[in-house]
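According to the numbering used here, the sequence shown is numbered sequentially starting from 111.
Where a beta carbon is used, it is the ideal one built from N, C-alpha and C, also for glycine.
The structure under discussion appears below in the form of structure tokens.
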Amino acid sequence: MSTCLRPSPARGSAPWRDCSGTSGSPIWFERPMSGPDDHRLSVPTTSIVEWTRAFVRHPSPQTERFEQEPQVQSFITEKVVPLLRDLALPWRQDAMGNVVVELGPARTDGSLMIMAYAMTHPANRMRNPFEGELIEDAAGAFVRGRGVSEQKGALAAALAAVKSAADGLTLRRRLIFALSTAGETGRHDAAASVCNALGYCPKLAIVAIGTTQRVALANKGRIDVFVTVRGKAAHSSMPWMGVDAITGARDVLDRVLAIDVGGNKHPALGAATLTATAVRSWPQATHTVQDEVRLAFDRRLLPGDDPQAAFAAIAAAAAEVGAPWSVESEPGPFMYPAEIARDGPFMRAAANGCRRMGLATPETFHSHGALDAGFFCHHGAQAAMWGPGAVDQWHSDDERIAVPDLITGALAYRGMIEQALCTDDEGGGEFERNGNPIYGGAHKVRNANRPLKLF
111 MSTCLRPSPA RGSAPWRDCS GTSGSPIWFE RPMSGPDDHR LSVPTTSIVE
161 WTRAFVRHPS PQTERFEQEP QVQSFITEKV VPLLRDLALP WRQDAMGNVV
211 VELGPARTDG SLMIMAYAMT HPANRMRNPF EGELIEDAAG AFVRGRGVSE
261 QKGALAAALA AVKSAADGLT LRRRLIFALS TAGETGRHDA AASVCNALGY
311 CPKLAIVAIG TTQRVALANK GRIDVFVTVR GKAAHSSMPW MGVDAITGAR
361 DVLDRVLAID VGGNKHPALG AATLTATAVR SWPQATHTVQ DEVRLAFDRR
411 LLPGDDPQAA FAAIAAAAAE VGAPWSVESE PGPFMYPAEI ARDGPFMRAA
461 ANGCRRMGLA TPETFHSHGA LDAGFFCHHG AQAAMWGPGA VDQWHSDDER
511 IAVPDLITGA LAYRGMIEQA LCTDDEGGGE FERNGNPIYG GAHKVRNANR
561 PLKLF
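Right under this line is the structure:
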């Protein structure tokens with residue numbers, strides 16, 4: 111049984127609507143549900159919870175407009191920017207609408223970025239996805255709503271940590287908080303825009319997303335590939351008058367899926383994968399031999415894999431299908447794979463920072479999903495997904511985050527900030543990529559004439 115934790119309605123007002131997950135009438139509480147304040151955070155626990163609820167109440171779903179979706183942009187300008195003003199944190203927006211907050215000395219070496227995300231999965235079949243309900247069951251108190259476990263809980267925790275650092279720490283190196291307009295786009299455009307605006311890539315980067323408080327030591331990358339097969343339309347009563355694009359597409363599908371992508375295996379991630387994810391044909395009319403078919407493929411990448419080479423292999427296999435069809439392949443959105451060392455700078459800063467806060471060393475895992483950690487690693491940083499919110503709640507019909515996890519997440523981020531930016535041991539030095547030592551300092555990713563591109 112769950113109960114809905116909301117203030118009691120004013121006398122004489124209409125009763126509150128029942129909450130998702132409740133059994134019978136909800137129980138009203140005269141006080142907001144929260145734990146005691148933590149002296150290591152300058153933000154009250156109640157505020158962190160209320161920020162999270164407010165974020166959920168402003169929908170910011172993925173749509174076909176991606177980062178330029180008006181709801182995503184308005185979430186930033188109407189919810190997050192006013193909060194940054196209230197918190198007296200300096201902020202600016204880049205050309206894509208991403209928010210950047212910079213604190214500490216204006217030096218790029220030893221810098222730490224926390225990147226959070228504005229965009230969420232669509233509501234789908236979730237009941238009351240944007241009410242920001244505060245509920246309680248036998249497991250404790252939770253904030254419920256779309257994106258709360260994946261993006262918006264980690265966002266609230268990150269803001270609490272950054273504000274606490276601004277209020278209580280003497281930063282010796284640069285702290286950057288970034289709120290990305292992405293989150294569900296499957297591409298690095300927003301992260302590249304942020305780093306282009308900064309003029310450099312940070313040395314350490316926390317990809318603030320719900321990982322059940324575990325650090326992702328590695329994750330697969332991904333490139334989408336689109337293959338278009340063209341034939342000639344005809345009435346289906348006389349198919350010999352046309353060239354059936356579906357027949358050609360079937361041949362393309364067989365040839366592409368026959369590519370061996372399993373030869374290179376990662377000890378934790380296993381083999382790469384290649385999956386057909388969509389097939390569409392035109393013209394969308396009855397009794398018509400189709401003259402165009404578009405196929406989409408999802409090619410997962412292991413650390414060390416080259417996305418351009420992966421695309422080239424698919425394009426070559428598709429091109430083996432010749433006349434009477436024409437075949438064209440194009441690369442779609444992509445994300446680089448990521449990998450950091452278990453004893454490298456990121457994990458040292460995270461583990462020592464958690465110990466500073468009286469928290470256990472974070473557990474680790476390996477992810478088959480892709481996000482922006484790969485972008486930062488590709489440009490010489492140490493980066494990993496890490497944050498409050500259970501992975502198994504992502505995109506679920508009852509998505510929620512435990513209130514204690516929000517506070518633990520804020521403390522963990524606060525601890526890593528102190529360890530990385532306020533001590534002699536910032537978790538710096540050299541680390542390895544593919545067995546070769548790479549300097550872990552900040553790296554320029556832009557000049558005036560050459561912004562970051564796909565390959």
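When Met206, Val210, Ala205 are compared, the shortest CA-CA separation from Arg195 is found for Val210. Collapsing the DSSP output to three states places Tyr523 in a helix. In this model, Ala368 and Phe421 are separated by some 14 Å (Cα to Cα). If you ignore the 5 residues before and after Arg404, its C-beta comes within less than 7 Å of the C-beta of Phe336, Thr338, Arg390, all in its own chain and listed in chain order. Residue state for Leu411 is assigned as strand, using DSSP reduced to three classes. Using a C-beta cut-off of 8 Å, the segment 220 to 227 makes contact with the segment 258 to 272, since at least three inter-stretch Cβ pairs fall below that distance.
Checking the DSSP bridge columns, you'll see Glu212 partnered with Ile286. Per DSSP, the beta bridge partners of Thr398 are His345. Distance from Arg282 to Cys532 at the Cβ level is roughly 6 Å; contact confirmed, criterion being Cβ atoms closer than 8 Å. Cβ contact annotation for Lys375 (same chain, cutoff 7 Å, sequence separation greater than five): Ala381, in chain order.
Nearest neighbour of Lys342 by Cα position, chosen from Thr518, Val353, Pro349, turns out to be Val353.
Residue range 436 to 445 is occupied by the beta strand (DSSP E) that includes Met445. The secondary-structure analysis by DSSP pairs Pro171 across a beta bridge with Thr230.
In the DSSP assignment, Gly463 falls within the alpha helix (DSSP H) that extends over 455 to 466. In this chain, the beta strand (DSSP E) harbouring Phe336 covers 331 to 340. Thr398 and Ser347 have their C-alpha atoms spaced approximately 8 Å apart. Contact between the segment 474 to 486 and the segment 286 to 298 is present: 3 or more CB-CB pairs across the two stretches fall below 8 Å. Per DSSP, Val190 is not a residue of any alpha helix (DSSP H), being assigned neither H nor E. Counting the other Cβ atoms within 10 Å of the Cβ of Asp507 gives fewer than 16, which makes it exposed. In the DSSP secondary-structure assignment, Ala381 is bridged to Lys375.
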